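Below you'll find the structure, written out as structure tokens, and then a few comments.
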Amino acid sequence: MQKQGDFFVESPIILFASIIWYLKIYQNGKYCTFPHAIEFLNRRYEDIFPILTSYPELENYLSPFMDAWLGGAAEQLMGQIASAKIPLSRMISPQLYWVMSDSEFTLDINNPEEPKILCVGNNPDRQNIYGAALGLYNSRIVKLINKKGMLKSSVIIDELPTIYFKGLDNLIATARSNKVAVCLGFQDFSQLVRDYGDKEAKVVMNTVGNIFSGQVVGETAKTLSERFGKVLQKRQSISINRQDVSTSINTQMDALIPPSKISGLTQGMFVGSVSDNFNERIEQKIFHCEIVVDAEKVKREESAYKKIPVITDFTDEDGNDHMKETVQANYRRIKEEVKQIVQDELERIAGDDNLKHLLQQK
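Take any residue in the sequence shown, note its place counting from 1, add 6, and you have its number in the numbering used here.
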């Protein structure tokens, strides 16, 4: 996030983008999935580069790598490839491959012809791994939903710092005109600065129109207090001595909601600010109040919940669970498919007089 333009950051991005583009071209994208791309990346580079450069669309992408290969800069080349392999190797998982290998629905959740609700969750034990996968889905969803002529939609993210949401700042700034509402939940501004970087975190914090906050301390409380602004307040001081009592009244600009009050909020108490529209004016935009929850109503609503339908049933007629075997079989299938793709492509190149020279560049 913070090192755009760095050689060993851009190189793996270009290489992996080339592989994804290749899989999109090959057999009309039949194997264009994230697991297939990871497996293809982990093949020998002596096989990868001839295959990719055999396609004119990818030739320019691969030129820096080919120059290093032909120039005998093996160490540099291995460093470039390792920069791509090492981070992605953490995502090699039969379970992740199962989720990301089939196209069961499209991500245009606000499509008028096919609206849908997409709910995903992270695993605290594998937060960094699954966070990257969720970030991939999120960045794609942002591009698909932020368009004219779509249904009203909402992007609701709790514990935002646990994932990286590429394009989030742009979504907040532009999506309102496309009827997309963005709701973000996190514990403290410092988390956002730590995981998104200072610049992007500031953009996110300054572009949101509505803020609801419970008890926070330190810089976050101070930032919120400054956001809520100041108000002209009267102050009265009384001086008492042996002869008389004097009273003085003066006015002074003080914080509307001071940091000390924000850091001392009890459960259920919130501070915040809201924005309005031309036809829906709100006189009191800054608030400090208790949000009352109707516990009985919530309980009745929860009792009426319906069970989530089973999408894939891994049990057989005898009631035995074969989920582990099925997921593992899918994992092996993907590895075999990539192995076969490489074999078929190398045979194609070897049989083409215009391309077979690529195999001799070892």
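Glycine is no exception: its CB is placed at the ideal position from the N, C-alpha and C atoms. In this text the structure is predicted, and so the values were computed from the model without any measurement.
In or out: residue i buried (at least 16 other Cβ within 10 Å) or exposed?
i, result
"Tyr311", "exposed"
"Val188", "buried"
"Val277", "buried"
"Val298", "exposed"
"Pro315", "exposed"
"Ile340", "buried"
"Ser17", "buried"
"Gly11", "Annotation note: pLDDT 45 at Gly11 (below 50); position unreliable, coordinate value reported separately. Exposed: under 16 other Cβ atoms inside 10 Å."
"Asn176", "exposed"
"Asp319", "exposed"
"Ser159", "buried"
"Asn116", "buried"
"Ile244", "exposed"
"Gly137", "buried"
"Val210", "buried"
"Leu124", "exposed"
"Lys9", "In this predicted model, Lys9 has a pLDDT of only 49, less than 50, meaning its place in the structure is not dependable enough to derive any value."
For the ligand FMN, any of its heavy atoms closer than 7 Å to the Cβ of residue i?
i, result
"Phe218", "Absence of the ligand FMN from the depicted structure is noted, as is the absence of any ligand whatsoever, leaving it without description."
Am I right that residue i and residue j are in contact with their C-beta atoms under 8 Å? What's the rounded C-beta distance?
i, j, result
"Leu68", "Ser107", "In fact, because the Cβ distance is near 26 Å, the residues do not count as touching under 8 Å."
"Met97", "Ile44", "6 Å"
"Leu140", "Val161", "Going by Cβ atoms, the distance from Leu140 to Val161 rounds to 12 Å, so no, they are not a contact pair."
"Thr292", "Phe234", "For clarity, residue 292 is Ile in the given sequence; the question names Thr instead. Confirmed, Cβ separation roughly 5 Å."
"Met275", "Glu296", "5 Å"
"Leu157", "Leu190", "Going by Cβ atoms, the distance from Leu157 to Leu190 rounds to 21 Å, so no, they are not a contact pair."
"Ile217", "Ser279", "5 Å"
"Pro70", "Tyr337", "Between Tyr337 and Pro70 the Cβ distance is about 32 Å, and since that is not below 8 Å, they are no contact."
Hey, residue i and residue j: beta-carbon distance below 8 Å or not?
i, j, result
"Gly173", "Val199", "no"
"Ala181", "Asn152", "yes"
"Thr257", "Gln239", "yes"
"Ala90", "Leu21", "yes"
"Leu58", "His42", "no"
"Thr226", "Asp194", "yes"
"Lys236", "Leu262", "yes"
"Val333", "Trp27", "no"
"Leu4", "Phe40", "It is not possible to answer for residue 4, since the shown part of the chain is limited to 7 through 368."
"Asp114", "Leu76", "no"
"Lys154", "Asn128", "no"
"Ile19", "Tyr61", "no"
"Pro264", "Ser309", "no"
"Thr112", "Glu119", "no"
Check whether the region 211–222 touches the region 263–276, counting contact only when three or more Cβ pairs, one atom from each stretch, lie closer than 8 Å.
yes
List in chain order: all unbroken alpha helix (DSSP H) runs of 4+ residues lying wholly within the region 264–320.
265–268, 301–309
Tell me the start and end of each unbroken alpha helix (DSSP H) in the region 151–183 that is at least 4 residues and wholly inside, in chain order.
174–180
Pair every Cβ in the region 343–362 with every Cβ in the region 50–67, then say whether three or more of these pairs are closer than 8 Å.
yes
Which complete alpha helix (DSSP H) runs does the region 199–268 hold, if anything under 4 residues is left out?
204–213, 224–234, 265–268
Contiguous alpha helix (DSSP H) assignments of at least 4 residues, all confined to the region 107–156:
133–151
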